[in-house]
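J.: Protein chains in written order, with our numbering: chain A, 1 to 223; chain B, 1001 to 1238; chain C, 2001 to 2319.
Virtual Cβ for every residue (Gly too), placed ideally from N, Cα, C.
None of the values given here were measured: they were computed from a predicted structure.
Structure in structure tokens, see below.
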Amino acid sequence: MIVADQFRPGTFVDAFRFIGDHGSLLLSKTSEHLELSFAALGIALLLALPLGLWLGHRHRGFFFAATVSNVGRALPSLVLIAFGLTIFGVGFWNNTAALVVLAIPPILTNAYFAIDGVDRDVVEAARGMGLSERQVLLRVELPLGLPLVIAGVRIATIFVIATATIAAIAGGGGLGEIIVNQASYGLGGVVGAAFCVSALTLLAALGLGLLRRALSPSPVPGA
Amino acid sequence: MNALVAAGPVIPNFGQGSRCERTNGWWCTDWLHAHWGDTLQPALVQHIELSLIAVGIGFALAFALALVGVRYRLLDAPIGVFADFLYTIPSLALFQLLVPLTGLTVTTVEIALVSYTLLILYRNMVEGLRAVPADALEAAQGMGLTARQTFLRVELPLAAPAIIAGLRIATVSTISIATVAAFVIPQGLGRPIFIAIGQDLFKTEILAAGALAVVLALVADGLLVFAQRVATPWSRAG
Amino acid sequence: MSGPVGVERAAAELVFDQATKRYGEGEPAVDQLSLTVPAGEICVLVGPSGGGKTTALKLVNRLIELTSGDIRIDGTSINSLDVTELRRGIGYVIQQVGLFPHMTIEANIGTVPRLFGRSKQWIHTRSQELLELVGLDPSYAKRYPAQLSGGERQRVGLARAIAANPPVMLMDEPFGAIDPIVRARLQDEFLRLQQEVRKTVVFVTHDIDEAIKLGDRIAILRQGGVLVQYDTPEAILARPADDFVAQFVGADRALKALALRTLGELELRPAADGGPRLPRAATLRDALALLIDERAQTLVVTDDAGTVVGSLTRDDLLR
């Protein structure tokens, strides 16, 4: 990497020039980035969401959920990517696997705590009115816990898009490929791509934040 | 640095090691013995340093912000949104965005690491301070404690469990993210991982450095849990 | 830090002098309240919600500041004292108790003595003594509030309030959140405690029965913080100042009045034989209830040891 060891704010001008000049490159890298991210998120949602909701509904597995959350946080994304590399080799699926592992803890634990934390009186009232277990979960617990569930998905999304950047070192493609390749794109290109990927996570975070707010049964303070 | 596996040609580099190293084994004890002193141990020490400084500065900064956010409620939302904004920027991107300003330095790494601690520390501090029971505050005021005494003797101790819970998450996350610092400076446990990736994915080194990072995070978490138990014996009463 | 201001000081006379609290331009919350609580007496502020009784109470320790008028403790205006100094010299008990969850019972009780610079040993001895005084086992000292029941917590709240021996105590519905049986016991013990410590107490409640039971004097406030009547329970029951007071004390005020007097206060007839027996310390109300229950006309009165000392008829009780 070319060393930039002094203060060079002019690089930001270069960065925006790069963004202006390489629109189609950035667009295709962005779509690669999103493809990888969505694939990982989709798989993680399929695996973690039903499990988290079910455990929360049964009020079981507190220890499991807490452990998944703790260990998940302690696993560095770089280590996961490097590990995926050693097992699956370079390519789409090693990165997807690493990102799935990364996305599961926030989705699972938030889903668990969201449903587990729903007011027990409300749930008992629903049972008392004759709702089946499935109806209790889908019509009462899920709507009430939805903001927290989505908060988990939001964190997972931020993690995944951020880590998909690092995945470039394992041939994941995406915007990270520009960021880790200063030799080809120059510092302006690196910073420009960093801007793009930041904008991507901010948009995703904002979108899911708004969704969370819109789906709140009552206004969420400070959401 | 920036060893790009996908970009560069694969050069097998296991020529001069033991048989385990030559066949790229998962856990070559002779390599670990030989390179603990010159590779893993310094990386671990650097990693601890990077993380400690980041969490220390982040804690002080978040604490100051929390005092402002609790005192002036109007500022709470903007501070929270700002901290959330920082948290949302991918670590690798934030490192690169800082490079034109602070260069490939420890400063760049620390600024980025500190910004990731702010959200969780700030939120937990504010929530902890706000959750102090109103009746305890009224009693403190009614008994003639000054604002300062109320803060130090009542509010802060009662917020301690929430603050330490935030500190646990921030510390573990920082230790995890600090591996990415190796993109910018040749320090921390990310460094041996990069080198291993560059040397045709030397598994033992990746596994050892990764395990060290995870163990370090879990040990730090355990220490904080212990600290919390010692510091707040009352939270387990009842 | 100053010396031990309130410590070992006798009860003080408390005077409300035209005390007024007004928020903005609206109706006053407390309107020109003037009353004197003699040293060592319990004054109960009672009235419907919106009557400003809690506001009046909080004016004393300046949790709420006066708009106009004055409040004096033994002739010293509360505004002439430093606010924290003032509060340390006033015991304060609230309905939610407000024990500090992170401190042991002993540390809770020692809060104000510690502010006065009392030693650990002093606080330890004092809290042992106070726990006994409020009817708790001294071993509670090392526990945390979360390990106590609601009633026990309020006893600790009481012990904490009198720990630095303040001459004045403010009590804001202290027994309001406690179940009726425990509440009655706490009221009895509070009266017993008051016999020993003799504080000047301002006690807020919305329960007229509690006011009658505990108060040496009762101040009845109505909407807008206006004092309607300030008198002894007997006088208020016998001669309500107006319809509002009469309605507030209830249609059964004659019965309530009976509960304030004991058989020993009446002139006894010569001992008769037969009929239910009650000791001299029983109230007229209990005696009447017993007579009705037993369908009897005459009651045999005994002393505490059970020796017959005389008798009373139904008419004697109702005279």
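Give the range of the beta strand (DSSP E) segment to which Ala2029 of chain C is assigned.
T.: Taken as a continuous stretch (DSSP letters only), the beta strand (DSSP E) holding Ala2029 of chain C covers Pro2028 to Val2037.
J.: Do Gly174 of chain A and Leu36 of chain A have their C-beta atoms within less than 8 Å of each other?
T.: Yes, Cβ-Cβ distance for Gly174 of chain A and Leu36 of chain A is below 8 Å.
J.: Return helix, strand or coil for Ile2220 of chain C, following the three-state DSSP convention.
T.: In this structure, Ile2220 of chain C counts as strand in the three-state DSSP scheme.
J.: Distance check for Leu2081 of chain C and Gly2075 of chain C, CA to CA, integer angstroms please.
T.: The alpha-carbon atoms of Gly2075 of chain C and Leu2081 of chain C are separated by roughly 12 Å.
J.: Taking the runs of the alpha helix (DSSP H) that are 4 residues or longer, which of them lie wholly in the segment 95 to 143 of chain A?
T.: DSSP runs (the alpha helix (DSSP H)) wholly in the segment 95 to 143 of chain A: 120 to 128.
J.: Listed in chain order, which residues of the segment 1128 to 1145 of chain B have Cβ atoms closer than 9 Å to some Cβ of chain C?
T.: Correct list: Pro1133, Ala1134, Asp1135, Ala1136, Leu1137, Glu1138, Ala1139, Ala1140, Gln1141, Gly1142, Met1143, Gly1144 and Leu1145.
J.: Please check if any C-beta of chain A sits within less than 8 Å of the C-beta of Leu1086 of chain B.
T.: Not one chain A Cβ lies under 8 Å of Leu1086 of chain B.
J.: Using a Cβ-Cβ cut-off of 8 Å, state whether Phe7 of chain A counts as contacting chain B.
T.: Taking Cβ atoms only, chain B reaches closer than 8 Å to Phe7 of chain A, which makes this a yes.
J.: For the alpha helix (DSSP H) that Lys2021 of chain C lies in, which residues bound it at each end?
T.: Note, Lys2021 of chain C: premise wrong, no alpha helix (DSSP H); beta strand (DSSP E) at Leu2014 to Arg2022.
J.: If we count the other Cβ atoms within 10 Å of its Cβ and call it buried at 16 or more, is Lys2256 of chain C buried or exposed?
T.: Classification of Lys2256 of chain C: buried, given that the 10 Å Cβ count is 16 or more.
J.: Which residue marks the beginning of the beta strand (DSSP E) containing Val2204 of chain C, and which one marks its end?
T.: Here the beta strand (DSSP E) through Val2204 of chain C covers Thr2200 to Thr2205.
J.: Could you please give me the residues that DSSP links to Thr2283 of chain C through a beta bridge?
T.: For Thr2283 of chain C, which the question treats as bridged, DSSP gives the partners C:Thr2262.
J.: State yes or no: is the C-beta of Gly2157 of chain C within less than 8 Å of the C-beta of Ile2178 of chain C?
T.: Cβ atoms of Gly2157 of chain C and Ile2178 of chain C: not closer than 8 Å.
J.: Using the Cα positions of Arg2022 of chain C and Leu2057 of chain C, report the straight-line distance between them to the nearest angstrom.
T.: Approximately 15 Å between the Cα atoms of the pair.
J.: Below 8 Å, how does it come out for the segment 2086 to 2098 of chain C and the segment 2162 to 2175 of chain C: are there three or more Cβ pairs, yes or no?
T.: Result yes; three or more Cβ-Cβ pairs closer than 8 Å.
J.: Would you mind listing the alpha helix (DSSP H) stretches within the segment 2078 to 2146 of chain C that are 4+ residues and don't spill past its ends, in chain order?
T.: Counting only runs of 4 or more, we get 2083 to 2088, 2105 to 2109, 2111 to 2115 and 2120 to 2133.
J.: Take Ala1231 of chain B and list the residues in its own chain whose beta-carbon comes closer than 8 Å to its own, dropping the five residues that flank it on each side.
T.: Closer than 8 Å at Cβ, skipping near neighbours: Ala1160 and Ile1164.
J.: Return the residue from the list B:Leu1086, B:Thr1179, B:Phe1059 and B:Pro1233 that minimises the CA-CA distance to Ala205 of chain A.
T.: The shortest Cα separation from Ala205 of chain A among B:Leu1086, B:Thr1179, B:Phe1059 and B:Pro1233 belongs to B:Leu1086.
J.: DSSP beta-bridge partners for Arg2269 of chain C?
T.: In the DSSP output, where bridge partners are listed per residue, Arg2269 of chain C has C:Ser2311.
J.: Just how far apart, CA to CA, sit Gly186 of chain A and His57 of chain A?
T.: Distance between the alpha carbons of Gly186 of chain A and His57 of chain A: 52 Å.
J.: So, for Asp2137 of chain C: in the same chain, excluding its five sequence neighbours on each side, which residues have a beta-carbon less than 8 Å away from its beta-carbon?
T.: Correct list, in chain order: Leu2131.
J.: I'd like to confirm the pairing. Which residues does DSSP put opposite Thr2054 of chain C in its beta bridges?
T.: Its beta-bridge partners do not exist; DSSP assigns none.
J.: Could you say which of A:Ile150, A:Thr109, A:Val122 and A:Ala98 lies nearest to Gly172 of chain A if we only look at CA atoms?
T.: Closest option to Gly172 of chain A, Cα to Cα, is A:Ala98.
J.: Can you check which of these residues, A:Ile43, A:Phe16, A:Leu85 and A:Leu34, is closest to Ile1206 of chain B by C-alpha distance?
T.: Checking every option, the nearest Cα to that of Ile1206 of chain B belongs to A:Leu85.
J.: For Val2005 of chain C, I'd like the list of residues in its chain whose CB is within less than 6 Å of its CB, leaving aside the five on either flank, ordered along the chain.
T.: Unreliable positioning characterises Val2005 of chain C in this predicted model, as indicated by a pLDDT of 37, which lies under 50. The coordinate reading is nonetheless provided below. The residues are Gly2089.
J.: Which class does Asp2293 of chain C belong to by DSSP, given the choice of helix, strand or coil?
T.: Asp2293 of chain C: helix per DSSP, three-state reduction.
J.: Taking the C-alpha atoms as reference points, what is the distance between Thr2283 of chain C and Asp2315 of chain C?
T.: Roughly 15 Å separates the two Cα atoms.
J.: Does the Cβ-Cβ distance between Phe1194 of chain B and Ala1213 of chain B come in under 8 Å?
T.: Cβ distance not < 8 Å, so Phe1194 of chain B and Ala1213 of chain B don't count as in contact.
J.: Can you tell me whether DSSP reads Leu2242 of chain C as helix, strand or coil?
T.: For the record, residue 2242 of chain C in the displayed sequence is Asp; it is not Leu. Note: Asp2242 of chain C maps to coil in three-state DSSP.
J.: Please report how far the alpha carbon of Ser1173 of chain B lies from the alpha carbon of Val1184 of chain B, in whole angstroms.
T.: Each residue's alpha carbon lies about 18 Å from the other.
J.: Does the distance from the CB of Ile2218 of chain C to the CB of Val2046 of chain C come in under 8 Å?
T.: Yes, they are a contact pair.
J.: Is the beta carbon of Leu53 of chain A closer than 8 Å to that of Leu148 of chain A?
T.: No, the Cβ-Cβ distance between Leu148 of chain A and Leu53 of chain A is not below 8 Å.
J.: Taking only beta-carbon positions, decide if Val1172 of chain B is within less than 8 Å of chain A.
T.: Judged by the 8 Å Cβ criterion, Val1172 of chain B is in contact with chain A.
J.: Quick check: what's the CA-CA separation for Arg212 of chain A versus Ile150 of chain A?
T.: Going from the Cα of Arg212 of chain A to the Cα of Ile150 of chain A covers about 6 Å.
J.: Is there a Cβ of chain B sitting closer than 8 Å to that of Phe83 of chain A, yes or no?
T.: Yes, because at least one Cβ of chain B sits closer than 8 Å to the Cβ of Phe83 of chain A.
J.: How big is the Cα-Cα spacing for Ala48 of chain A and Ala2159 of chain C?
T.: Going from the Cα of Ala48 of chain A to the Cα of Ala2159 of chain C covers about 53 Å.
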